[in-house]
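> Have a look at this one.
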Amino acid sequence: MIGAGTFGLRHSRFIARSDRADLVAAADPAFGTDRPVPDELRDLTRYTDHRQMLTHGDLDGVIVASPSEMHVSHALDCLDAGVAVLVEKPVAVDREQARPLLDRLAADPDARVLVGHHRRHHPAVAAARELIEAGRLGEIRTVAAVWATHKTDPYFDVEWRRRRPGGGMLLINLIHEVDLLRHLAGEIVSVEAIASNKARGLEVEDTAGLVLRFENGAIGTLVGSDSTVSPWGWDQATEDDPTFPYHPGQPCLLIAGSRGALSVPDMAVFTQSEPSWLEPVEATRYPVEGADVFARKLAHFADVAAGRARRLVTAEDALRSLEIVRTASLSLRG
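Read in the numbering used here, the sequence shown has 17 at position 19, and its numbers run on one by one without any break.
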């Protein structure tokens, strides 16, 4: 693993619960400082330079959990060492920075790079995509998503989270919603955004709203804030992250089409005998069991590393989600 910060420690805990992988080494410049080594990493072989770690002879895969602006260079170093890579999102800061990785993957289609958009691994997402592809909603016309919670002050003690280009709620959090919207409703062709940093006064936004136009003609909205009290958001509506209080039955993604509508992740499908505002709307629920999406992502990475599975999220796919968020972020600066 490269990076022993918040995301790296989270990955170490998931791996500790897994029967598909063992964490054998970690690299982080902080290991060369007086900072205490987290308990989860004490028994590992630790390196201050990830390139030294990559000479470790029996690595099957590496998780890149370093700051966003370092993802591309670290992924390339892993590929040079012949090792499969799971890159935390975002895959890069922008397309220009990602270009060396994209060129490498174009030249070597068999290179094993998976991007960690974990929500795609949730059973509700797979079920929603299946319903949409089966035509249960007809033509998608509108989508609406919300992610709202309250980050505490210590979260921002990490300097890069307070500044661009790597920090900000759009890039760190709402990119997940954008990825889900693309995965379920289709490609996004344009975005307009407004945002505010009133809550904290930092360089990065704490509240934002996006209006999205999809390739299929659908229109969508996405609103988010990390400075509000709310039960509405993927993290609260699922048990993906146990650090968030669980509020079951709270939809955070609404998709409406010409024949029906769907709320996710509670998986309620709304239909009429015939489309009319005069007809009653009937709800049918398609319950899905919760799952440890991080364990599912890790198992998928193990299969990708072994050459047994196609990547659920490729670098190019992840970059498209990133570009939507980057376009929104850049528009805020005029």
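Cβ coordinates follow ideal geometry from the N, Cα and C atoms, glycine included.
With DSSP collapsed to three states, give me the class of Thr43.
If you number the sequence shown from 1, residue 43 lands on position 45. Of the three classes helix, strand and coil, the one that applies to Thr43 here is strand, per DSSP.
> Hey, how far is the Cα of Asp101 from the Cα of Arg93?
For this step, residue 101 is matched to residue 103 along the sequence shown. For this step, residue 93 is matched to residue 95 along the sequence shown. Distance from the CA of Asp101 to the CA of Arg93, rounded to the nearest whole angstrom, comes to 11 Å.
> Which partner residues of Phe212 appear in the DSSP bridge assignment?
Position 214 of the sequence shown, counted from the first residue, corresponds to residue 212. Answer by DSSP bridge pairing, in chain order: Ile186.
> Of all the options Phe154, Leu169, Val70, which has the alpha carbon lying nearest to the alpha carbon of Leu320?
Position 322 of the sequence shown, counted from the first residue, corresponds to residue 320. Among Phe154, Leu169, Val70, the Cα nearest to that of Leu320 is on Leu169.
> Sort Glu237, Lys196, Leu252 by Cα distance to Thr226 and report the nearest one.
Along the sequence shown, one-based indexing puts residue 226 at 228. Closest option to Thr226, Cα to Cα, is Lys196.
> Does DSSP put Gly59 in a helix, a strand or coil?
To locate residue 59, count along the sequence shown from 1; it is residue 61. Correct three-state label for Gly59: strand.
> Considering only residues of the same chain and omitting the five flanking positions on each side of Gly114, which have a CB-CB separation below 7 Å?
Along the sequence shown, read from residue 1 onward, the residue named residue 114 stands at position 116. Closer than 7 Å at the Cβ level, and outside the excluded window around Gly114, lie Leu84, Val85, Glu86, Lys87, Lys295.
> Going by DSSP, what residue range makes up the alpha helix (DSSP H) through Ala122?
Reading the sequence shown from its first residue, position 124 is the one you call residue 122. Looking at the DSSP string, the run of the alpha helix (DSSP H) that includes Ala122 is 121 to 131.
> Mapping the DSSP letters down to three states, classify Thr269 as helix, strand or coil.
Within the sequence shown, numbered from 1, the residue matching residue 269 stands at position 271. Here DSSP, grouped into helix, strand and coil, assigns Thr269 to strand.
> Given Ser271, which residues of its chain have a CB within under 7 Å of its CB, disregarding the five upstream and five downstream residues?
Residue mapping note: residue 271 aligns to position 273 of the sequence shown, counting from 1. Take Ser271, set aside five residues on each side of it, and the residues of its chain with a beta-carbon closer than 7 Å to its own are Glu277, in chain order.
> Are there three or more Cβ pairs, one per stretch, closer than 8 Å when the region 197 to 213 is compared with the region 180 to 187?
yes
> In angstroms, rounded to a whole number, what distance separates the CA positions of Glu337 and Val221?
There is no way to answer for residue 337, as the model of the chain reaches only from -1 to 332.
> Quick one: which unbroken alpha helix (DSSP H) runs of 4-plus residues sit fully inside the region -1 to 46? Chain order, please.
4 to 15
> Quick one: what's got a C-beta closer than 6 Å to His174's C-beta in the same chain, skipping five residues either side?
Stepping through the sequence shown from its first residue, residue 174 is reached at position 176. Only Arg117 meet the Cβ criterion.
> How is the beta strand (DSSP E) around Ile138 delimited, first residue to last?
For the purposes of this step, residue 138 is taken as the residue at position 140 of the sequence shown. Element bounds for Ile138: 138 to 146.
> For the beta strand (DSSP E) that contains Thr282, what are its first and last residues?
For the purposes of this step, residue 282 is taken as residue 284 along the sequence shown, with counting starting at 1. Residues 280 to 283.
> Based on Cα-Cα distance, which residue from Leu99, Val111, Arg97 lies nearest to Val311?
Here residue 311 corresponds to residue number 313 of the sequence shown, with the count starting at 1. Of the candidates Leu99, Val111, Arg97, the one whose C-alpha sits nearest the C-alpha of Val311 is Val111.
> Out of His48, Asp108, Gly218, Ala193, point me to the one whose CA is closest to Leu178's CA.
On the sequence shown, position 180 is the one that residue 178 refers to. For Leu178, the nearest C-alpha among the options comes from Gly218.
> Just to confirm before moving on: does the CB-CB distance between Thr4 and Ala23 stay below 7 Å?
Position 6 of the sequence shown, counted from the start, is the residue given in the question as residue 4. Position 25 of the sequence shown, counted from the start, is the residue given in the question as residue 23. Not in contact: Thr4 and Ala23 (Cβ atoms no closer than 7 Å).
> Can you tell me which residues form a DSSP beta bridge with Ile217?
Numbered from its first residue, the sequence shown carries residue 217 at position 219. In DSSP, Ile217 forms a bridge with Thr140, Arg211.
> Using beta-carbon positions only, say whether Ser16 and Ala293 come within less than 7 Å of one another.
If you number the sequence shown from 1, residue 16 lands on position 18. If you number the sequence shown from 1, residue 293 lands on position 295. Yes, they are a contact pair.
> For Ser64, I'd like the list of residues in its chain whose CB is within less than 6 Å of its CB, leaving aside the five on either flank, ordered along the chain.
Here residue 64 is taken as the residue at index 66 of the sequence shown, counted from 1. Answer for Ser64: Ile0, Gly1, His72, listed in chain order.
> If I'm right that Val286 touches Ala125 with Cβ under 8 Å, what's the distance once you round it to whole angstroms?
In the sequence shown, counting from the first residue as 1, residue 286 sits at position 288. In the sequence shown, counting from the first residue as 1, residue 125 sits at position 127. The pair is a contact, with the Cβ atoms about 5 Å apart (cut-off 8 Å).
> Can you give me the C-alpha to C-alpha distance between Leu52 and Arg308, rounded to a whole angstrom?
Position 54 of the sequence shown, counted from the first residue, corresponds to residue 52. Position 310 of the sequence shown, counted from the first residue, corresponds to residue 308. Spanning the two alpha carbons is a distance of roughly 24 Å.
> Please state whether DSSP places Ala254 in a helix, a strand or coil.
In the sequence shown, the residue the question calls residue 254 occupies position 256. Strand.
> Have a look at Ala90, Val35, Glu38, Ile13 and flag the residue whose alpha-carbon is nearest the alpha-carbon of Ala313.
Stepping through the sequence shown from its first residue, residue 313 is reached at position 315. Checked all of Ala90, Val35, Glu38, Ile13; the closest Cα to Ala313 is Ala90.
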